[in-house]
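Visitor: The sequence shown: position 119 = 926 (this note's numbering), numbered continuously. Ideal Cβ placement from N, Cα and C applies to all residues, glycine included. These figures come from a predicted structure and were not determined experimentally.
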Amino acid sequence: MAARDPDPSTRSATLRSPALYLGALEVVEGERSRGRAWLSGTRLKSLAIPMLHWSLCHAPVALAMAQVRLMVGVMRLLYRRPRTPLRLACERLCRVAAQRGREHDPKWVYHQYLSNFTGVAENYFRLYREGIEAVLERVELPAAAVGMMHALLREHGGVVLAVPHNIASAFSGLALNHAFPLLVVAKNSSTIARTRVALDMFERMQVQVLMVRGGNAFELSRALFRVLGSGRVAAATLDNVDGSGTACSATLFGQPVGFARWAAKVAVRRGIPVVPAYFSSRGARIQVLFGEPILAAEVDTVVQRYIAFFERHILDDPASWAYLGDKRWQRVLREADAALDEAGSR
């Protein structure tokens, strides 16, 4: 387990864990780290995740899963409200998908999305109770793709694995790490409690992580360059919306969206490939889909190519994409849907 904060009332703590690539991480809670409003998503996560983690460690499986099913049951009932944000996101994405030739029922996507969360929770409970071997078979890795990754590691000394925020992406790290040497690059939570939960989960999965929120930029870059020259795969979720002036503008769902350049920049400078992947869930069963290696001289070209891979698989399997519930992506989907209406009225 990660080291305990010696003073529970403090707003900062240094956490140590064998899962941390750099050994230790200082987490500082800002004024808004727990959310601005009592019913905000951030506030709810800051309360629910530590509670579920305690149940995971101490309560009988049936009781722990009952909490998950209760929350999911409430979300299922909310589908009856036409203006529920998640329902609207499903409807808008299904309209975008239909325009690209994929037909999905928004109601099915909504309920499958919730079933996928329940399935991943079941996998974590089984991991905690029975260990890695009990859940490895639930993640399907194509043998040809694993062979491709090993060949790329031998040739280039490192690979960047670009993934979107799938419901099963973090959990699947335990299977990826068994297939090839893996380091997860992740932005830790803004709260001490949730960061501690994440570290415990990475420990249980026996996966190392390089956490980047608030870290020294030079130290983190140096660590990443070192990793990518040592025969390891660095996996990073790269579908966060980036509104900064340094972002790369790429097209997704027909809309220009800003994305961070850092992973593609490191890959281009190192001369190593970026391999996109997508984690497709059907409840507790997960299939990892790999794309072709991307080797390009321009950072923006690399970003647009892995974003195009994300788009193709999100449109094929929207229920596996966790960011259906993200407010920034809901705004992008609203704009994409409005663009379809505008095009139809011409």
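(1) Which residue marks the beginning of the beta strand (DSSP E) containing Y1085, and which one marks its end?
(2) Below 6 Å CB to CB, which residues in the same chain sit around V1109 once its five sequence neighbours on both sides are set aside?
(3) Could you have a look at V762 and say whether DSSP puts it in helix, strand or coil?
(4) To the nearest angstrom, how far is it from the Cα of N984 to the Cα of V942?
(5) Could you tell me the alpha carbon to alpha carbon distance between F1117 and L822, rounded to whole angstroms?
(6) Under 8 Å: do the stretch 915 to 932 and the stretch 886 to 898 share three or more Cβ pairs, one atom per stretch?
(7) Any idea if W861 is buried or exposed, counting beta-carbon neighbours within 10 angstroms, 16 or more meaning buried?
(8) Evaluate the contact criterion for the stretch 1119 to 1138 versus the stretch 1007 to 1020: three or more CB pairs, one atom per stretch, below 8 Å.
(9) By the three-class DSSP mapping on this structure, what secondary structure does A905 have?
(10) Should the stretch 1136 to 1151 be regarded as contacting the stretch 1074 to 1088, the criterion being three or more beta carbon pairs within less than 8 Å?
(11) Got a sec? Which residues, its chain only, sit under 8 Å from S1037 by beta carbon, not counting five neighbours each side?
(12) What's the call for R899, buried or exposed, on a 16-neighbour Cβ count within 10 Å?
(13) Got a sec: does the ligand FAD put a non-hydrogen atom nearer than 8 Å to the Cβ of E944?
(14) Using only the alpha-carbon positions, how far apart do F932 and L863 sit?
(15) Count the other C-beta atoms from every protein chain shown that fall within 10 angstroms of the C-beta of V1016, then say buried if there are 16 or more, exposed otherwise.
(16) Go to A820, then tell me how far its beta strand (DSSP E) extends in each direction, as first and last residue.
(17) Should the stretch 972 to 990 be regarded as contacting the stretch 920 to 930, the criterion being three or more beta carbon pairs within less than 8 Å?
(18) Between which two residues does the alpha helix (DSSP H) holding T1108 run?
(19) To the nearest angstrom, how far is the alpha carbon of K914 from that of L989?
(20) Cutting at 6 Å between CB atoms, please list the residues of its own chain near L829, excluding the five before and the five after it.
(21) Give the secondary structure of I999 by DSSP, where H, G and I count as helix, E and B as strand, and everything else as coil.
(22) Can you pull the DSSP bridge partners for G1036?
(23) Could you compute how far the alpha carbon of E929 sits from the alpha carbon of R936?
Guide: Looking at the atomic coordinates:
(1) As a position in the sequence shown, residue 1085 is number 278, starting the count at 1. Start and end: V1081 to R1089.
(2) As a first step, residue 1109 must be located in the sequence shown, where it is residue number 302. Non-local C-beta neighbours of V1109 in its own chain, meaning closer than 6 Å and more than five positions away in sequence, comprise A1071, V1081, I1101 and A1103, ordered along the chain.
(3) Nothing can be reported for residue 762, as the shown portion of the chain is limited to 808 through 1153.
(4) On the sequence shown, position 177 is the one that residue 984 refers to. On the sequence shown, position 135 is the one that residue 942 refers to. One C-alpha to the other measures close to 13 Å.
(5) In the sequence shown, counting from the first residue as 1, residue 1117 sits at position 310. In the sequence shown, counting from the first residue as 1, residue 822 sits at position 15. Straight-line spacing of the CA atoms in F1117 and L822 works out to 33 Å.
(6) Yes, the stretch 915 to 932 touches the stretch 886 to 898.
(7) For the purposes of this step, residue 861 is taken as the residue at position 54 of the sequence shown. By the Cβ-count criterion, W861 is exposed, with fewer than 16 other Cβ atoms from all chains shown falling within 10 Å of its own Cβ.
(8) With a cut-off of 8 Å, the stretch 1007 to 1020 and the stretch 1119 to 1138 do not count as touching, because too few Cβ pairs lie within range.
(9) As a working mapping, residue 905 is identified with position 98 in the sequence shown. In the structure shown, A905 sits in a helix (DSSP, three-state: H, G or I).
(10) No, because fewer than three Cβ pairs between the stretch 1136 to 1151 and the stretch 1074 to 1088 fall closer than 8 Å, the two stretches do not touch.
(11) On the sequence shown, residue 1037 is found 230 positions in, with the first residue counted as 1. Counting only Cβ-Cβ distances below 8 Å, and skipping sequence neighbours, we find G964 and G965.
(12) On the sequence shown, residue 899 is found 92 positions in, with the first residue counted as 1. That one is buried.
(13) Within the structure as shown, the ligand FAD is missing, as the structure has no ligands at all.
(14) Along the sequence shown, one-based indexing puts residue 932 at 125. Along the sequence shown, one-based indexing puts residue 863 at 56. Distance from the CA of F932 to the CA of L863, rounded to the nearest whole angstrom, comes to 6 Å.
(15) In the sequence shown, counting from the first residue as 1, residue 1016 sits at position 209. With 16 or more other Cβ atoms within 10 Å, it is buried.
(16) Taking the first residue of the sequence shown as 1, we reach residue 820 at position 13. Residues S819 to R823.
(17) Output reads yes: the stretch 920 to 930 touches the stretch 972 to 990.
(18) If you number the sequence shown from 1, residue 1108 lands on position 301. V1106 to D1123 is the span of the alpha helix (DSSP H), which, as asked, contains T1108.
(19) Locating residue 914 in the sequence shown gives position 107, counting from the first residue. Locating residue 989 in the sequence shown gives position 182, counting from the first residue. So the alpha carbons of these two residues sit roughly 36 Å apart.
(20) The residue you call residue 829 lines up with position 22 of the sequence shown. Nothing listed; no residue qualifies.
(21) Within the sequence shown, residue 999 is the residue found at index 192, counting from 1. I999: helix per DSSP, three-state reduction.
(22) Numbered from 1 along the sequence shown, position 229 holds the residue referred to as residue 1036. DSSP, once it has assigned bridges, lists no residue as partnering G1036.
(23) Residue numbering aside, residue 929 sits at position 122 when the sequence shown is read from its first letter. Residue numbering aside, residue 936 sits at position 129 when the sequence shown is read from its first letter. For E929 and R936, the distance between alpha carbons rounds to 11 Å.
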